[in-house]
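Participant: In the working numbering, the protein residues as written are 1 to 168. Heads up, the beta-carbon is just placed ideally off N, CA and C, and yes, glycines get one too. Mind looking over this structure? Questions follow.
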Amino acid sequence: MSADLRGAMRNFATGVCVATTYADHEGSRRHDAVTLNSLSSVSLDPPLVSLSLHRDSQFLGDLLETKKWAISILDSDAESLARQLAKGRGDRAQVIAGLAANPGPVTGALILDAQSGIECVLSDSFDLGDHTMVIGEVVSTGIRDLQPPLLFLHGKFQQLATATSKES
C-alpha cells in the first residue's frame with residue numbers, strides 16, 4: 001500500500017477557519033489572514049488549540065514574531081471568503097483590507113464576523129515534517145451560533161444538508 005496521506009485525508013471532514021495575525025513595522029500594523037482546516041482542540045484545562053502551518057509561510061513568521069493570533073470559525077456562507085484567503089499573501093492583502101472584522105480585545109489580531117472567535121497567545125511550537133505546529137493558549141472566545149459550519153471534504157468545500165442544533 002502506498003503512503004498517499006493526502007488521498008487518505010481527503011476522506012476526513014474538517015471545519016474551515018481563518019487565522020489572523022499581524023506584524024508591526026515602524027509604527028504601522030499589517031494584518032494577515034489565511035484559510036486553514038488544521039485547527040484542533042488540544043486541552044480544555046488549560047485551554048489550548050493547535051494549528052499547523054507550512055514552514056515557509058510568511059504568515060507563520062509573523063505569528064511566531066507577535067506570538068498572538070485569532071481564529072474565526074466559518075459558517076456555510078463563507079466559502080467565497082475562504083477561497084480568497086487561501087491564496088498567496090499578495091492576493092490576500094486586498095481582501096483583508098475589506099474584511100468585516102475587528103481587532104480582538106486581548107491580542108489585537110482580527111476577529112471576523114463568524115460563528116466563533118478564539119484569541120490565542122503562543123504557548124509552544126514544533127517543527128514537524130514540512131510544517132510547524134503552533135500551540136496557543138486560548139485567552140478569549142466569542143460564540144455566535146449562525147448557520148451550519150463550512151466543511152472541507154474530498155478536496156472541496158462542503159455544507160451540511162441540514163442545520164445543526166445546539167444541545168441543551
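(1) Mind reading off the beta-carbon distance from Ile96 to Asp24? Whole number of angstroms is fine, and I expect it under 8 Å.
(2) Residue ranges of each alpha helix (DSSP H) run of no fewer than 4 residues wholly in the segment 64-128, ordered along the chain?
(3) Going along the chain, which residues of its own chain have a beta-carbon closer than 6 Å to the beta-carbon of Gly129, five neighbours each way excluded?
(4) Considering Cα atoms alone, identify which of Leu85, Pro47 and Gln115 is closest to Ser123.
(5) Quick test of your reading: Leu150 and Leu74, contact by CB under 8 Å. State the CB separation rounded to the nearest angstrom.
(6) Give the C-beta separation of Trp69 and Ala109 to the nearest angstrom, bearing in mind that I take them to be a contact with Cβ-Cβ under 8 Å.
(7) Is the beta carbon of Gly27 closer than 8 Å to that of Ser72?
(8) Under the assumption that Gly142 contacts Val49 (Cβ atoms under 8 Å), give the Cβ distance between them as a whole number of angstroms.
(9) Buried or exposed, going by whether 16 or more other CB atoms sit within 10 Å of the CB of Phe182?
(10) Please identify the residue among Met133, Ser80 and Phe59 whose C-alpha is closest to the C-alpha of Gln159.
(11) Start and end of the beta strand (DSSP E) containing Leu48?
Facilitator: The relevant details are as follows:
(1) The pair is not a contact, with the Cβ atoms about 15 Å apart (cut-off 8 Å).
(2) 79-84 and 89-97
(3) none
(4) Pro47
(5) 4 Å
(6) 5 Å
(7) no
(8) Contact doesn't hold; Cβ gap of about 14 Å is too wide.
(9) Since the first residue shown for the chain is 1 and the last is 168, residue 182 is missing from the structure and cannot be characterised.
(10) Ser80
(11) Pro47 to His54
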